[in-house]
């Protein structure tokens, strides 16, 4: 008997509490939950004031190591559209969010679940995968945001999805897509021209996250500092890398804003090559506040290091 | 190749026309007003935008075709030509005709698994083996870049096979007191102890997967060491709903209760080698029952609020053995509230209540080899828990901190009986005590600090209060038995090193007074935990 009464009381209290805490009044905006800053920025470009975007992680967080924090569960509960990269980038926490947030709209396979990597050609697909190789992504390299050309097919697919979920604002989204496409293509042409001196430039990277950037700008990656993905290089390994530098003659060492740069700094000093810290995504440094400035800043930093 | 490019262009052109037509819903209408200049301009813009998109697609496809062509010629050259300079001739070239002893059906799978140990990565445009392991080890001329992108079938199981994982755990321990001795102050709850010397912890085999669009299921088999024998037990086997609207979830089967914080965490997720004293005293380990759970997540913006209730059959401590009875005898309710503070910190707090009754099946415990203690009545446990986590910029790869604690209040109402064949015991067998109410409590607090990537250090403090009701007997009756009133405490320090998220080693040192005054117990533990297979995400 006591259990029933306690349950009832607790249940009433729960309803009262959540009614009190929930914002009053329905939003006309589409609730978008983006796992990483680049898709949040893209959603804002394409959705304007018709979407309300929440970004789960920031550019200074290692995207491979994110925990399903309470606020993420709360935000996922009310999300209508979930934007993720896919290709196993968010596999450490997103499935838990989809299961435990109590929101059937964002489950895999629903219209509310959008995986950006499905709409482009993934690079770096390994032929065999084994745990001894470290943190290898079996579906391909998931860091697709470093090539601006990828944003075009993704923007098209995202607009189609926005129209599917919010048909009333269909023509608004189509207009936004059109202006985004023109602006973006013009940007890409401009950046390619500006980055022309970088073609064929030999570079070292700390972590193998720049596959798409290399592909776009024609950079030649001579190797990585990490002995296997996701594992910090040991001093012995770095010395061996330094020896190989004598033959390979890379011109700069590149790392991301979120990664610790101890290994890159050491290598930069010993090999006497400039260290370039790239933002890696929107918000990676104070200049990269939008998608456009993110790529501008990336190219500016690379050119400065030549 | 020539045809392929043209085919690609033709397809793209058709696709572009189709998309253009489909993107203009106004074209589908039959009786529409004549197009204005603005409409025409818009149409032209749309065409131009579509052209930009498809130009890009064609360019990337052409680039991909060029890369594949280059790789093809490179592969043909390497397979046909003599070994090039600098590369010792190894067995890396003949990839397919492998292991004549292997059964022919699995030969191709074996070939991929055994002769291609290093990642061979397909890159487009750059041409060099970017990202290949630049290791200090001599370059053994491993497989030439022979990948052809998406054409290769990876030797993995399809998505309909459940996720399988195996976790192995082993220990070495040195302890100054015999861990099989019953601790003082609390009813013996039958929890597991870590034996001295080398021993195996729980070997856990877990299978989980989606059943269909509505349900998900999970099962956990535990192979544990019991003295000198090993036993297999089903620790969890349940299903849960995944698609219910309104934040509801239903779960049924055998599972760890969601009360408290640590109760539903599996041993490989613990921060220490063993459970806090409070769990051993009040739950005999972790509360685990066969039954059902309903829970609900409130639609809040910023904070996570979850309520739940469970019903369990009640076959383990603190229940008696309520097997084969119509009425379940364990009920729980719990609430969890959590939120973030900025981007760096998160917290989660909870309040839970467990109620159980023995019904017609009193709880029996052995006080020693001959004497039994039986309890008949109800037990109510109130648990308050909290956890606080911090990481610089929210990035826990190099540095992080976690503070966590729980407090238990345990109230027993009922009566007990002692049964001892030993005639010198001051109570004739069986001897019934008076009805009593005993309030016991306990808490633990632990802090874990990750000071370097892969390294963590932690400290934990446990304190229990045994209460003083003497279980309805006179104080004299219980002197010298494990039920004698007592307040044990423990200090624990640990340091662990994890090479990756799949392997970990831990050194733990503890000192406790569990066995009574004058019997200080010093313990040292060395533990390893290794995991194979799919490794799902851990809860916050």
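Residue numbers (the working numbering), protein chains in the order written: chain V, 166 to 471; chain X, 15 to 554.
We put the beta carbon where it would ideally sit given N, CA and C, even for glycine.
Bear in mind the structure is a predicted one, so any value in this text is a computation, not a measurement.
*Alpha carbon of residue 469 of chain V to alpha carbon of residue 372 of chain V, nearest angstrom*: The residue you call residue 469 of chain V lines up with position 304 of the first chain. The residue you call residue 372 of chain V lines up with position 207 of the first chain. Taking the straight line joining both Cα atoms gives about 21 angstroms.
*Mind the definition here: the region 304-316 of chain X touches the region 252-262 of chain X only if three or more C-beta pairs lie below 8 angstroms; say whether that holds.*
Taking 8 angstroms as the limit for Cβ pairs, the verdict is that the region 252-262 of chain X does touch the region 304-316 of chain X.
*Under 8 angstroms between C-beta atoms, does residue 314 of chain X make it to chain V?*
The residue given as residue 314 of chain X occupies position 300 in the second chain. It does; some Cβ of chain V falls within 8 angstroms.
*Taking only beta carbons into account, state which residues of the region 406-427 of chain V come closer than 7 angstroms to chain X, listed in chain order.*
Legend: CB atoms of the region 406-427 of chain V lying less than 7 angstroms from CB atoms of chain X belong to residues 406, 409, 423 and 425.
*So, do the region 177-185 of chain X and the region 196-206 of chain X have three or more beta carbon pairs nearer to each other than 8 angstroms?*
Between the region 177-185 of chain X and the region 196-206 of chain X there are fewer than three inter-stretch CB-CB distances shorter than 8 angstroms, so the stretches are not counted as touching.
*What are the boundary residues of the beta strand (DSSP E) that residue 347 of chain X is part of?*
The sequence position of residue 347 of chain X within the second chain is 333, counting from 1. Note, residue 347 of chain X: beta strand (DSSP E), 344-355.
*When you compare only the Cα positions, how much space is there between residue 230 of chain X and residue 264 of chain X?*
Position 216 of the second chain, counted from the first residue, corresponds to residue 230 of chain X. Position 250 of the second chain, counted from the first residue, corresponds to residue 264 of chain X. Using only the alpha carbons, I get a separation of about 11 angstroms.
*Use the C-beta contact count for residue 285 of chain V: other C-beta atoms within 10 angstroms, 16 or more gives buried, fewer gives exposed.*
Residue 285 of chain V sits at position 120 when you count from the first residue of the first chain. With 16 or more other Cβ atoms within 10 Å, it is buried.
*At 8 angstroms on the CB atoms, spell out the chain V contacts of residue 60 of chain X, in chain order.*
The residue given as residue 60 of chain X occupies position 46 in the second chain. For a Cβ distance threshold of 8 angstroms, residue set 339 and 343 of chain V lies close to residue 60 of chain X, ordered along the chain.
*asked:* So, under 8 angstroms CB-CB, residue 541 of chain X and residue 524 of chain X are touching, yes? Tell me the CB distance rounded to an integer number of Å.
replied: The residue given as residue 541 of chain X occupies position 527 in the second chain. The residue given as residue 524 of chain X occupies position 510 in the second chain. Incorrect: roughly 13 angstroms between the Cβ atoms, too far for contact.
*residue 55 of chain X (DSSP reduced to helix, strand or coil)*: By one-based count along the second chain, residue 55 of chain X stands at place 41. Residue 55 of chain X: helix per DSSP, three-state reduction.
*Which term fits residue 355 of chain X, buried or exposed, when burial requires 16 or more other beta carbons within 10 angstroms of its beta carbon?*
Locating residue 355 of chain X in the second chain gives position 341, where the first residue counts as 1. Residue 355 of chain X should be labelled exposed.
_Rounded distance between the beta-carbons of residue 241 of chain V and residue 279 of chain V, thought under 8 angstroms_ = Taking the first chain and counting its residues from 1, the one referred to as residue 279 of chain V is at position 114. Taking the first chain and counting its residues from 1, the one referred to as residue 241 of chain V is at position 76. At roughly 14 angstroms, the Cβ-Cβ gap does not stay under 8 angstroms, so residue 279 of chain V and residue 241 of chain V are not in contact.
_Whole-angstrom C-beta distance between residue 365 of chain X and residue 352 of chain X, which should lie under 8 angstroms_ = Here residue 352 of chain X is taken as the residue at index 338 of the second chain, counted from 1. Here residue 365 of chain X is taken as the residue at index 351 of the second chain, counted from 1. Not really, about 13 angstroms apart at Cβ, beyond 8 angstroms.
*asked:* Please report the straight-line C-alpha distance between residue 486 of chain X and residue 532 of chain X, rounded to a whole angstrom.
replied: The sequence position of residue 486 of chain X within the second chain is 472, counting from 1. The sequence position of residue 532 of chain X within the second chain is 518, counting from 1. Distance from the CA atom of residue 486 of chain X to the CA atom of residue 532 of chain X, rounded to whole angstroms, is 27 angstroms.
*Could you check the C-alpha separation between residue 449 of chain X and residue 243 of chain V for me, to the nearest Å?*
By one-based count along the second chain, residue 449 of chain X stands at place 435. By one-based count along the first chain, residue 243 of chain V stands at place 78. A direct Cα-to-Cα measurement between residue 449 of chain X and residue 243 of chain V gives close to 51 angstroms.
*So, using beta-carbon positions, are residue 324 of chain X and residue 271 of chain X closer together than 8 angstroms?*
The count along the second chain starts at 1 and reaches residue 324 of chain X at position 310. The count along the second chain starts at 1 and reaches residue 271 of chain X at position 257. For residue 324 of chain X and residue 271 of chain X, yes; Cβs fall inside 8 angstroms.
*What does DSSP give as the partner residues of residue 472 of chain X in its beta bridges?*
In the second chain, residue 472 of chain X corresponds to position 458, counting from 1. According to DSSP, which records beta bridges pairwise, residue 472 of chain X is partnered with X/462 and X/508.
_Buried versus exposed, by CB contacts within 10 Å (16 or more), residue 370 of chain X_ = The residue given as residue 370 of chain X occupies position 356 in the second chain. Flag for residue 370 of chain X reads buried.
*asked:* Applying the 10 Å Cβ sphere with the 16-neighbour rule, what's the burial state of residue 74 of chain X?
replied: Sequence index remark: in the second chain, residue 74 of chain X carries index 60 (1-based). When all chains shown are included, residue 74 of chain X counts as buried.
*Using the C-alpha atoms, what's the distance from residue 468 of chain X back to residue 514 of chain X?*
Your numbering for residue 514 of chain X matches position 500 in the second chain. Your numbering for residue 468 of chain X matches position 454 in the second chain. Pairing residue 514 of chain X with residue 468 of chain X, the inter-Cα distance amounts to about 7 angstroms.
*Taking the C-alpha atoms as reference points, what is the distance between residue 166 of chain X and residue 290 of chain V?*
Within the second chain, the letter at position 152 stands for residue 166 of chain X. Within the first chain, the letter at position 125 stands for residue 290 of chain V. With a pLDDT of 30 at residue 166 of chain X, under the threshold of 50, the modelled position of this residue cannot be trusted; read the value that follows with caution. When the Cα atoms are used, residue 166 of chain X and residue 290 of chain V turn out to be separated by approximately 9 angstroms.
*Return the bridge partner residues of residue 414 of chain X from the DSSP annotation.*
As a first step, residue 414 of chain X must be located in the second chain, where it is residue number 400. In DSSP, residue 414 of chain X forms a bridge with X/464.
*Using the C-alpha atoms, what's the distance from residue 402 of chain V back to residue 446 of chain V?*
For this step, residue 446 of chain V is matched to residue 281 along the first chain. For this step, residue 402 of chain V is matched to residue 237 along the first chain. The alpha-carbon separation between residue 446 of chain V and residue 402 of chain V amounts to approximately 28 angstroms.
*Per DSSP, the bridge partner or partners of residue 302 of chain X*: Position 288 of the second chain, counting from 1, holds the residue named residue 302 of chain X. According to the DSSP secondary-structure assignment, residue 302 of chain X is paired through a beta bridge with X/270.
*Output the residue ranges of the alpha helix (DSSP H) runs that lie fully inside the region 268-316 of chain V and measure 4 residues or longer, sorted by chain position.*
If only uninterrupted alpha helix (DSSP H) runs of at least 4 residues are considered, none is enclosed by the region 268-316 of chain V.
*asked:* On the DSSP bridge list, what partners appear for residue 211 of chain X?
replied: One-based indexing of the second chain puts residue 211 of chain X at position 197. Partner(s): X/187.
*Counting along the chain, where does the alpha helix (DSSP H) carrying residue 293 of chain X start and finish?*
Sequence index remark: in the second chain, residue 293 of chain X carries index 279 (1-based). Run containing residue 293 of chain X: 291-297, per the alpha helix (DSSP H) assignment.
*Pick out the complete beta strand (DSSP E) segments inside the region 317-403 of chain V, 3 residues or longer, and give them in chain order.*
Along the region 317-403 of chain V, the beta strand (DSSP E) occurs as fully enclosed runs of 3 or more residues at 367-370 and 385-389, listed in sequence order.
*Who are residue 319 of chain X's beta bridge partners in DSSP?*
As a first step, residue 319 of chain X is located in the second chain; it is residue number 305 there, counting from the start. X/351.
*Pull up the distance between the alpha-carbon of residue 298 of chain X and that of residue 336 of chain X, whole angstroms please.*
Here residue 298 of chain X refers to the residue found at position 284 when the second chain is read from its first residue. Here residue 336 of chain X refers to the residue found at position 322 when the second chain is read from its first residue. Residue 298 of chain X and residue 336 of chain X: Cα-Cα distance of roughly 16 angstroms.
*Under 8 angstroms between the Cβ atoms of residue 328 of chain X and residue 302 of chain X?*
On the second chain, residue 328 of chain X is found 314 positions in, with the first residue counted as 1. On the second chain, residue 302 of chain X is found 288 positions in, with the first residue counted as 1. Cβ distance not < 8 angstroms, so residue 328 of chain X and residue 302 of chain X don't count as in contact.
*asked:* Against chain V, with Cβ distances strictly below 8 angstroms, would residue 262 of chain X count as a contact?
replied: The residue given as residue 262 of chain X occupies position 248 in the second chain. Chain V contact via Cβ: present.
*Establish whether the CB of residue 459 of chain X and some CB of chain V are separated by less than 8 angstroms.*
The residue labelled residue 459 of chain X in the question sits at position 445 within the second chain. It does not: the Cβ of residue 459 of chain X has no partner Cβ on chain V nearer than 8 angstroms.
*For residue 442 of chain V, does the count of other Cβ atoms within 10 angstroms reach 16, so buried, or fall short, so exposed?*
The residue you call residue 442 of chain V lines up with position 277 of the first chain. Buried: at least 16 other Cβ atoms inside 10 Å.
*Report back the beta-carbon spacing between residue 414 of chain X and residue 427 of chain X to the nearest angstrom; my notes put them in contact at under 8 angstroms.*
Position 400 of the second chain, counted from the start, is the residue given in the question as residue 414 of chain X. Position 413 of the second chain, counted from the start, is the residue given in the question as residue 427 of chain X. Not confirmed; about 43 angstroms, so no contact.
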